[in-house]
Amino acid sequence: MKAVRSHLLLCGGTGCRASGGMTLKDILEAELEKRGLSDEMKIVVTGCNGFCALGPILVVQPDDVIYVSLKPKDIPELVSEHFIKGRIVKRLLYKHPVTKQEIPTMQQIPFFAQQELRVLRNRGLIDPEKIDEYIGRDGYSALAKALAEMTPDQIIDEVEKSGLRGRGGGGFLTARKWRTTRSAPGAVRYVICNGDEGDPGAFMDRSVMEGDPHSVIEGMIIGAYAIGASKGYIYVRMEYPLAVKNLAKALTDARAYGLLGDNILGSGFSFDIEINRGGGAFICGESSALMQSIMGKAGEPRAKYIHTSEKGLWDMPTNLNNVETWANVPLIINHGSAWFASIGTKGSTGTKVFSLVGGVNNVGLVEVPMGITLREIIYDIGGGIKDDKKFKAVQTGGPSGGCIPAEHLDTPVDFDELTKLGSMMGSGGMIVMDEDTCMVDVARYFINFLVDESCGKCTPCREGLRHFLTILTRITEGQGQEGDVELLEEIGDGMIWGSLCALGGSAPNPVMSTIKYFRDEYDAHIRDKKCPARVCTKLITFSIDPETCIACGKCKKVCPVNCITGAKKVPHVIDESICIRCRACYEVCPTDAVKIR
Amino acid sequence: MDDMVTITLNGTEIKAQKGTPLLSIAREKNVYIPTLCHNDALVPYGVCRMCLVEIEKGGRKRIVTSCNYPAEEGLAVKTDTERVVKTRSIVMELLLARAPENKMIVDLAARLGVKGGRLTEVNDDCILCGMCVRVCDEVVGVSALGFFSRGTSRMPTTPFAEPSETCIGCGSCVYVCPTGYIKMEDKDGTRYIHNWKVALKMATCKKCGMYIAPQRQLDYIRKTADLPEDFYDLCFSCR
């Protein structure tokens, strides 16, 4: 057998799979076989690289060359040019959006260059299904250190000194939670990993569970040892089948290696983990609802004066942390709290993973030091706004986060600063919106999501959201009344103070923040019956400018209701009485003659 | 007396059993706190959010539901701060929009000085206090009811909204329902609870022929309490 001279790291994240990554693998395998390279070139299917918009991604090692947006037809050329002749195939490289220059290595691509990979330390490097590859990258060494050299109290002290705060949204100090759970009386203690990531557009936790499941498991075992827990649960939503598969394989392998189960690494400490699949209800990401769900009951939150650390699962002391929080733990144990706290801000140490989506050039998963500004994330890493449009707002923290306007782009991103702006860190969703976004419509969109996802148990959240949606819908339809904004604010205030759980308490954020920063848009809808961003269909009209229309007929062809008339060399006309404002003509017009007013 | 704590209620210092819900303490002291989902026979649920009070502990003020918040040493409780009144009024207004024709809700809103008219009316007399579901489970022990769906479509119902096979027709849900949303009717020897699509044959007294209660209810009680087979043959008057 020949020695493997090159590793072909093919991204196997859900994003790259969706764009055909696994078909590519078969074709690549066949091509290598055909060229007699199978023995010397090894394909490794890795976890998510984060640059999902450009999938499928292939990184060639040791050359350190990254190919993006690969198609099956590119493979023969790639094999003969690069793998046989050693010449990089330039046309398959990433191109800088501004300079148009090809960039061959990951580290030179701005999207990757400014990231600080800690939680995502193994991203794109290891096969998540192989425990040996995790161990090869220092995996489970933190567990060995914790069990052999540290007492539970020392572990908690170290985590406390690191300043680690819960990455799931609450931002609660992890060590404090661990300590109260440890000291709470109870026959059994549990640890839970919250992997019920439900925010639209967010995929941080999915990526970690799929791409590096052992990092979560190792964190949980260390936490369980520190807390004195004997049983753990990973709660993953049903919609994440690959995460469930990779976690299940990882648990089986960890057990086989003596890293999980009875007498872990001969230390006398026993602990095991079970996977619990959720049905996909957003509310089950709320800790008390999640526990109800694990116990087989309907996922509904309970009164907040009962602390999970004292009475959690089956009324026993329970510690619940999010995926990303757990994945940080081995790093703190291995590198120490000082190293961990060396980046970030005073109140928020370490890094945070964000899913950067919406109107930016580089959509994907990014891990950045806490305290980085929104501007750096959006412009340096995200490559700025798509199609050279103007930035309008960024929504952080999931559907119940707030919308932050341009004037606050230089705000450092950490738990406290985002809250001050009327938004929140949440679990790390970041949706960027450009000038063509109507902020009233955005608020309506998120409230519509929350109306469905509220459990409906308490009055303010259930009824408040119902009226939010009614009022916002009427505003976007031009039926808004004077006083509607004040009414929204009053209802929102009642929800913030009166709701049972954090979902209800934060649900007004999209409304309150857009009122705070974009009040003029509300007023334009209500008073002038105009949608300044030209989005709300009931408030806009379409027409064709006869001066610029070249009578090409493209708009006529795409119009689904045949409301455009015109002939060769005759400027076209839209019949407003039939037009359904689908924007198809607007999108297709080569001379921008279609006007929205 | 280790488990007695001192709290202040609207500025007055009082002693109370540790862990007693603040609502019970307030009621004992004749301090009015409105409730809609509370019943002394049931475990506090804390969902109508009418019983909100402001508590201060260690310098930190919070709004909590008094029906389930336990008394603890040094707690300062206020039942009528501006924050409480404001929040409670909005909750009341939301419920008034949900059940604008319901007398009980209309009266309570009037008592709290809350006017309707600003919100789109829903016209659903069920205010989702959950008492029917809870009494059937916690007190009767039959668990014939549960909640269907979530969010704004949440409603109490039987499994799959089909005629209940387990409901014993005892009427406890009807009795606890604060708004009269659950309708029960005895007609021609049959008990109907229309909300649960239940029609149960009534047992008759072997002596006078009077209707006693639904046969299924009597069977259930006999079985649960291990009573003799002929225990319910006669009505109370004929025994």
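First to last, the sequence lines map onto chains A and W.
Here my numbering is used: position 371 in the first sequence is 371, and no number is missing along the way.
Count along the second sequence from 1, add 1000, and you get the number used in my numbering.
Glycine included, each C-beta is placed from N, C-alpha and C at the ideal position.
In the DSSP assignment, Asp-1186 (chain W) is bridged to W:Arg-1191. Here Ile-385 (chain A) is bridged, per DSSP, to A:Val-360.
By the CB criterion at 7 Å, Val-119 (chain A) and Ala-327 (chain A) fall inside the cutoff.
A distance below 7 Å between beta-carbons, with the five flanking residues on each side excluded, links Ser-499 (chain A) to the following residues of its chain, in chain order: Cys-458, Pro-460, Cys-461 and Gly-505.
Listed in chain order, the non-local C-beta contacts of Ala-567 (chain A) below 8 Å within the same chain comprise Ala-551, local neighbours out to five positions each way being set aside. A Cβ-Cβ contact shorter than 7 Å links Val-357 (chain A) with Gly-201 (chain A). Scanning W:Gly-1169, W:Arg-1118 and W:Glu-1093 for the CA closest to the CA of Asp-1107 (chain W) turns up W:Glu-1093. At a cut-off of 7 Å, the C-beta of Val-68 (chain A) has no neighbouring C-beta in chain W.
When the five nearest sequence neighbours on each side are left out, the beta carbons in the same chain lying within less than 8 Å of the beta carbon of Met-291 (chain A) are those of Ile-192, Thr-308, Gly-312, Leu-313, Thr-318 and Leu-320, in order along the chain. Below the 7 Å Cβ cutoff, chain W contributes no neighbours of Cys-552 (chain A), its closest Cβ being approximately 47 Å away. If you draw a 10 Å sphere on the C-beta of Asp-212 (chain A), you find 16 or more other C-beta atoms in it, and that means buried. Per DSSP, the unbroken alpha helix (DSSP H) holding Tyr-1220 (chain W) starts and ends at 1215-1225. In this structure, W:Met-1210 is the residue among W:Met-1210, W:Pro-1214 and W:Thr-1224 with its C-alpha nearest to the C-alpha of Cys-1235 (chain W).
At a cut-off of 7 Å between beta-carbon atoms, Cys-1126 (chain W) makes no contact with chain A.
In this structure, the beta-carbon distance from Glu-576 (chain A) to Thr-541 (chain A) falls below 7 Å.
Between the alpha carbons of Asn-509 (chain A) and Phe-391 (chain A) lies a gap of roughly 20 Å. For the pair His-572 (chain A) and Ile-580 (chain A), the CB atoms are not nearer than the 7 Å cut-off.
Note that the C-beta distance between Ser-513 (chain A) and Gly-402 (chain A) is below 7 Å. None of the residues of the region 258-274 of chain A has a beta carbon lying less than 9 Å from any beta carbon of chain W.
For Asn-1195 (chain W), no chain A residue has a C-beta closer than 7 Å to its own C-beta; the minimum C-beta separation is roughly 18 Å. Rounded to the nearest whole angstrom, the C-alpha separation of Gly-1058 (chain W) and Leu-1075 (chain W) is 9 Å. In the DSSP assignment, Glu-486 (chain A) falls within the alpha helix (DSSP H) that extends over 484-498. Contact note: His-467 (chain A) reaches chain W through Leu-1094, Ala-1097, Leu-1119 and Thr-1120, using a C-beta cutoff of 8 Å and chain order. Excluding five sequence positions before and after Gly-347 (chain A), the CB atoms of its chain that fall closer than 7 Å to its own CB belong to Asp-414, Phe-415 and Asp-416, given in chain order.
Non-local beta-carbon contacts of Val-89 (chain A) in its own chain, meaning distances under 8 Å to residues more than five positions away in sequence, involve Tyr-67, Asp-74, Glu-77, Leu-78, Glu-81 and His-82 in chain order. Of the candidates A:Ile-431, A:Leu-331 and A:Glu-489, A:Ile-431 places its Cα closest to the Cα of Pro-399 (chain A). For Thr-308 (chain A), the closest Cβ of chain W is not nearer than 7 Å. Residue burial is scored here from C-beta neighbours: Pro-97 (chain A) has fewer than 16 other C-beta atoms within 10 angstroms and is therefore classed as exposed.
The beta carbon of Ala-224 (chain A) sits closer than 7 Å to the beta carbons of Val-191, Gly-232 and Phe-271 from its chain, once the five residues preceding and following it are set aside; these are given in chain order. For Glu-1013 (chain W), the enclosing beta strand (DSSP E) covers residues 1012-1017. Here Ser-454 (chain A) carries a coil assignment [DSSP, helix/strand/coil].
Among the residues facing chain A, Tyr-1069 (chain W) is included, as its CB has a counterpart in that chain under 7 Å away. Shortest Cα-Cα distance from Ser-267 (chain A) to any of A:Leu-365, A:Arg-466, A:Val-363 and A:Thr-151 involves A:Thr-151.
DSSP lists W:Glu-1056 as the beta-bridge partner residues of Lys-1061 (chain W). Per DSSP, Ser-69 (chain A) is not a residue of any alpha helix (DSSP H), being assigned neither H nor E.
Beta-carbon to beta-carbon, Ser-6 (chain A) and Pro-56 (chain A) are separated by about 18 Å, too far to satisfy the 8 Å threshold.
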